[in-house]
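Okay, so here's the structure we're looking at.
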Amino acid sequence: MGELPTGPARVTELLTVMSRHELRLDYRSVARGVWLRNDQPLTFRTHSIAAGMVHDDAVLCGWSAAHFWGNPFRPDCAQPEITAPIEGNRRYDGICVRRVQIDHDDVVDIDGVRLTSLARTGIDLGRFNSREDAVSALDGMARLRPTMLDEIRVELKRWENHWGIGKAITALRLVNSLAESPWETRLRLILCDECLDGFVLQHEVMGGRYRLDIAWPGLKVAVEYDGAHHRESEQHARDLERWNRLRAAGWVVIAVTARNITPAAMSS
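Position 141 of the sequence shown, counting from 1, maps to 140 under numbering that gives the first Met the number 0, and the rest follow consecutively.
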C-alpha cells in the first residue's frame, strides 16, 4: 500500500486506502471525523488544520489564523479556532467555534488551508480576547508584518456596527511593534494604566552598545524584563554586567520578572 498518509485527514478519505482495522491500529481521532497517524505529534498547527476539516465551510480564525500569519504568542488556554455557518449549532470538542459573519474577501488560502485574512485576524483577536492577550499577539504580528495595522485600518471602515469592534479598536490603538515579548507588552500596559507614560521602547544607550526594554531617557530610568532565559548563568552574568555599567553611568535600572508583572505588584 506504500507509506500511510500522515494526516490530518478525513476518515472517509482514509477508508478509501485502508481498512477500518488498519485505521484504528495506526491512527487516532483528533477532531470530529478527522484522524492523524499515531507517529505524528498533535501540534497547535496540526490541530488547527484538523479543526478546519470538521465542516466544509469552516475557516480558521483567531489564534489558529494568527499562527499561520506568524504570530509568536498565544495564551496556554488557546484552542484551535474556526468560523462556521451562523445558523449552525453543532459543538466540536477541543475546538472554539465562532458563529460569525465572514465574507469572501475575509478568506485567504495559505498552503491549502483556508483562514481569515491578516486584517480580519487582527480584528478578531482584538474583539474576542482580553486586552493583554490581544495586544501581546498584535505587537508580535505587527513586528513581523509591518503592513498589518494599515490593512486593519482600511477594514475597520466596514466594521463599525459589528459586535466587539470597540474592544478591538482599543487593543489596536495600544499596539507597538517594538515590544519583543508578551511580558514586555504586559509591562507596558500596566505602566500606561498607572499613568506612567512618556517612556520609549528599545532605547539605545552607550553608542548603541545596550538597548533598554523601557526607558525614560530624560530621567535616566529604565525598566528591564528579566525573563526565565535571562536567569541562565551566562545570560544572567551578562545582564548583571550591563546593569552595573548602566548604574555606573547614572541610570536607575529596575528589573522585573513575570511574577512582578501584575497591577498590584507594580503599584506597590
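Glycine included, C-beta positions come from ideal geometry on N, C-alpha and C.
Source: prediction; values computed, not measured.
Assignment of Leu41 by DSSP, reduced to helix, strand and coil, places it in the coil class. Secondary structure within the stretch 49-128: the beta strand (DSSP E) runs of 3 or more consecutive residues, fully enclosed, are 80-82, 95-97, 106-109, 112-115 (chain order).
The criterion of a C-beta distance shorter than 8 Å is satisfied by Asp25 and Arg36. DSSP places Ala254 in no alpha helix (DSSP H) but in the uninterrupted beta strand (DSSP E) bounded by 251-255. DSSP, read as helix, strand or coil, puts Val10 in helix.
Note on geometry: alpha-carbon atoms of Ala167 and Asp123 lie some 7 Å from one another.
Counting C-beta pairs with one atom in each stretch, the stretch 183-193 and the stretch 150-157 have fewer than three that are closer than 8 Å, which means they do not touch. Taking the CA atoms as reference points, Gly226 sits about 6 Å from Thr256.
Below 8 Å, enough C-beta pairs join the stretch 71-81 and the stretch 130-143 to call them touching: three or more. Residue state for Val174 is assigned as coil, using DSSP reduced to three classes. Residue state for Glu240 is assigned as helix, using DSSP reduced to three classes.
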